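Here the structure comes first, spelled out in structure tokens, and everything after it is commentary.
2 protein chains.
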Amino acid sequence: MLSKKTKYAINALVYIAKHENEQPISVSRISLEQNIPLKFLESILSELKNARILKSTRGKYGGYSLNGTPKEIHMAKVTRLFDGAIALLPCVTYDYYERCEECVDEVTCGIRQIAMEIRNETVKRLKAATLADIIKREKKLSK
Amino acid sequence: MLSKKTKYAINALVYIAKHENEQPISVSRISLEQNIPLKFLESILSELKNARILKSTRGKYGGYSLNGTPKEIHMAKVTRLFDGAIALLPCVTYDYYERCEECVDEVTCGIRQIAMEIRNETVKRLKAATLADIIKREKKLSK
DNA sequence: TTTATATCCCACTAATTTGGTAGGAATAGT
DNA sequence: ACTATTCCTACCAAATTAGTGGGATATAAA
Numbered sequence: 057m058l059s060k061k062t063k064y065a066i067n068a069l070v071y072i073a074k075h076e077n078e079q080p081i082s083v084s085r086i087s088l089e090q091n092i093p094l095k096f097l098e099s100i101l102s103e104l105k106n107a108r109i110l111k112s113t114r115g116k117y118g119g120y121s122l123n124g125t126p127k128e129i130h131m132a133k134v135t136r137l138f139d140g141a142i143a144l145l146p147c148v149t150y151d152y153y154e155r156c157e158e159c160v161d162e163v164t165c166g167i168r169q170i171a172m173e174i175r176n177e178t179v180k181r182l183k184a185a186t187l188a189d190i191i192k193r194e195k196k197l198s199k
Numbered sequence: 057m058l059s060k061k062t063k064y065a066i067n068a069l070v071y072i073a074k075h076e077n078e079q080p081i082s083v084s085r086i087s088l089e090q091n092i093p094l095k096f097l098e099s100i101l102s103e104l105k106n107a108r109i110l111k112s113t114r115g116k117y118g119g120y121s122l123n124g125t126p127k128e129i130h131m132a133k134v135t136r137l138f139d140g141a142i143a144l145l146p147c148v149t150y151d152y153y154e155r156c157e158e159c160v161d162e163v164t165c166g167i168r169q170i171a172m173e174i175r176n177e178t179v180k181r182l183k184a185a186t187l188a189d190i191i192k193r194e195k196k197l198s199k
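Residue numbers (this note's numbering), protein chains in the order written: chain E, 57 to 199; chain V, 57 to 199.
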């Protein structure tokens with residue numbers, strides 16, 4: 057399951073992407089429109105900024121805007137940022153590799169391949185899920 | 057990520073399946089061979105029994121044996137039992153359906169379809185990952 | 001220069017989940 | 001009776017998740 061943090065982050069990003077012409081957008085506005093607790097959202101957007109997914113402008117009329125196009129920002133990156141590895145096992149991740157403690161022999165582990173196949177599929181689809189793609193899907197659905 | 061409970065469960069099931077001719081197998085033996093804390097394993101096998109994945113024999117020379125063939129028992133069932141829903145969002149699960157609190161409108165949600173596609177793929181592969189399949193893969197890998 | 005509106009930053013907390021442990025009752029084979 | 005087993009209930013510690021609070025800092029406009 058995606059954490060609330062990740063879901064909030066995606067909702068906020070989609071909102072910002074939808075209002076690209078009005079950027080930057082303040083935390084308080086997103087909080088109101090998307091029903092996300094203000095201070096929590098603040099910390100989320102700050103993390104997104106540190107990860108260079110968003111950029112910020114301080115002071116009056118400041119706020120956040122996308123650091124990149126809606127086609128470049130995708131769910132895999134956001135998910136990894138907040139929820140860590142996407143794979144089912146720590147031993148089949150790029151970014152967060154670790155041995156399985158429980159594992160007697162990694163090389164002959166029967167579920168490792170399976171976990172790897174699932175990860176590949178999942179990452180592929182999450183990378184394809186860019187903000188642009190999500191917005192396109194939403195438009196199609198609201199027709 | 058799979059929880060330790062799920063991984064322990066799968067390891068234990070694979071072990072039992074591998075020793076089908078010597079069944080029933082005691083908790084203490086599996087605990088020793090698979091390096092799983094005894095009391096924790098006890099509770100895991102008990103849950104597997106309540107879910108009718110294992111069956112038990114009490115008393116001396118008792119233990120656990122598979123309730124079904126190694127081809128019938130698969131990772132999807134075990135994962136769901138211990139970790140709950142497999143999907144990324146609560147609104148795209150069969151067994152554990154719940155609205156996303158964060159969601160403004162489920163029908164036009166752009167990431168719901170994506171989550172559904174990923175779930176379908178993942179469940180398909182986890183269902184294919186039967187004990188028989190896992191053991192076959194292990195044999196292949198140890199050659 | 002003051003004021004209003006922003007982000008930034010650091011510390012704290014409450015609730016939930018995860019990964020166990022402890023102790024003893026019930027059961028069955030020898 | 002003895003011994004090895006599952007069964008059952010309660011408890012517990014650590015980690016993670018989902019936040020909150022308070023104030024410093026920056027910037028545009030009046």
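Backbone N, C-alpha and C define an ideal beta-carbon position, used for all residues, glycine too. Predicted model, so just to flag it, every value in this text is computed and none were measured.
Cβ-Cβ distance between A73 of chain V and V134 of chain V below 8 Å: As a first step, residue 73 of chain V must be located in the second sequence, where it is residue number 17. As a first step, residue 134 of chain V must be located in the second sequence, where it is residue number 78. In this structure, V134 of chain V does not lie closer than 8 Å to A73 of chain V by Cβ.
Interface flag, C156 of chain E vs chain V, CB-CB below 8 Å: Indexing the first sequence from 1 puts residue 156 of chain E at position 100. Flagged as an interface residue toward chain V: C156 of chain E, by a C-beta distance shorter than 8 Å.
Whole-number beta carbon distance between V70 of chain V and G166 of chain E, since they are thought to touch under 8 Å: The sequence position of residue 166 of chain E within the first sequence is 110, counting from 1. The sequence position of residue 70 of chain V within the second sequence is 14, counting from 1. Sure, about 7 Å apart at Cβ, within 8 Å.
Contact under 8 Å by Cβ, T186 of chain E with D139 of chain E: As a first step, residue 186 of chain E must be located in the first sequence, where it is residue number 130. As a first step, residue 139 of chain E must be located in the first sequence, where it is residue number 83. Not in contact: T186 of chain E and D139 of chain E (Cβ atoms no closer than 8 Å).
Contact set between Y64 of chain V and chain E, taken where Cβ atoms lie within less than 7 Å: Numbered from 1 along the second sequence, position 8 holds the residue referred to as residue 64 of chain V. Taking the beta carbon of Y64 of chain V as reference, the chain E residues within 7 Å of it are E158, listed in sequence order.
Whole runs of the alpha helix (DSSP H) within the segment 124-199 of chain V, excluding any shorter than 4 residues: Listed in chain order, the alpha helix (DSSP H) elements of length 4 or more contained wholly in the segment 124-199 of chain V are 131-139, 168-184, 187-198.
Cβ-heavy atom distance, S84 of chain V to the ligand GTP, below 7 Å: Absence of the ligand GTP is noted for the structure shown, with no ligands found whatsoever.
Separation of K195 of chain V from M57 of chain V, as counted between CA atoms: Within the second sequence, the letter at position 1 stands for residue 57 of chain V. Within the second sequence, the letter at position 139 stands for residue 195 of chain V. Here the alpha carbons of K195 of chain V and M57 of chain V stand approximately 25 Å from one another.
Residues of the segment 175-199 of chain V whose Cβ lies closer than 7 Å to any Cβ of chain E, in chain order: Of all residues in the segment 175-199 of chain V, E177, T178, R181, A185, I190, I191, R193, E194, L197, S198 have a Cβ within less than 7 Å of some Cβ in chain E.
Alpha carbon of S102 of chain E to alpha carbon of T113 of chain E, nearest angstrom: If you number the first sequence from 1, residue 102 of chain E lands on position 46. If you number the first sequence from 1, residue 113 of chain E lands on position 57. Distance between the alpha carbons of S102 of chain E and T113 of chain E is about 12 Å.
Unbroken beta strand (DSSP E) run spanning L122 of chain E, endpoints: As a working mapping, residue 122 of chain E is identified with position 66 in the first sequence. Segment 119-122, the beta strand (DSSP E) holding L122 of chain E.
Segment limits, beta strand (DSSP E) that includes K111 of chain V: Residue mapping note: residue 111 of chain V aligns to position 55 of the second sequence, counting from 1. For K111 of chain V, the uninterrupted beta strand (DSSP E) segment begins and ends at 110-113.
Contact list for K60 of chain E against chain V, beta-carbon separation under 7 Å: By 1-based counting over the first sequence, the position of residue 60 of chain E is 4. In chain order: E158.
Contact with chain E by G118 of chain V, beta-carbon distance below 8 Å: Residue mapping note: residue 118 of chain V aligns to position 62 of the second sequence, counting from 1. G118 of chain V does not count as touching chain E.
Contacting residues, own chain, Cβ-Cβ under 8 Å from A132 of chain E (five flanking each side not counted): For the purposes of this step, residue 132 of chain E is identified with residue 76 of the first sequence, where counting begins at 1. Contacts found: I142, V179, L182, K183, A185.
CA-to-CA distance, I81 of chain E to E268 of chain E, given in whole angstroms: Chain E is shown only over 57 to 199; residue 268 of chain E falls outside these bounds and no answer can be derived.
DSSP-derived helix/strand/coil call for I81 of chain E: Indexing the first sequence from 1 puts residue 81 of chain E at position 25. In the three-state reduction of the DSSP assignment, I81 of chain E falls in the strand class.
Alpha-carbon spacing of D161 of chain V relative to S198 of chain E, whole angstroms: If you number the second sequence from 1, residue 161 of chain V lands on position 105. If you number the first sequence from 1, residue 198 of chain E lands on position 142. Spanning the two alpha carbons is a distance of roughly 10 Å.
Supposed close pair R168 of chain V, L137 of chain V - CB separation, criterion 8 Å: Reading the second sequence from its first residue, position 112 is the one you call residue 168 of chain V. Reading the second sequence from its first residue, position 81 is the one you call residue 137 of chain V. Rounded to whole angstroms, the Cβ separation of R168 of chain V and L137 of chain V is 25 Å, and the two are not in contact under 8 Å.
Start and end residues, alpha helix (DSSP H) containing K95 of chain E: Numbered from its first residue, the first sequence carries residue 95 of chain E at position 39. Unbroken alpha helix (DSSP H) run through K95 of chain E: 94-106.
Proximal residues to L88 of chain E (C-beta, below 6 Å), its chain only, five neighbours per side dropped: Here residue 88 of chain E refers to the residue found at position 32 when the first sequence is read from its first residue. Close CB contacts of L88 of chain E within its chain, under the 6 Å cut and outside five residues either way in sequence, are absent.
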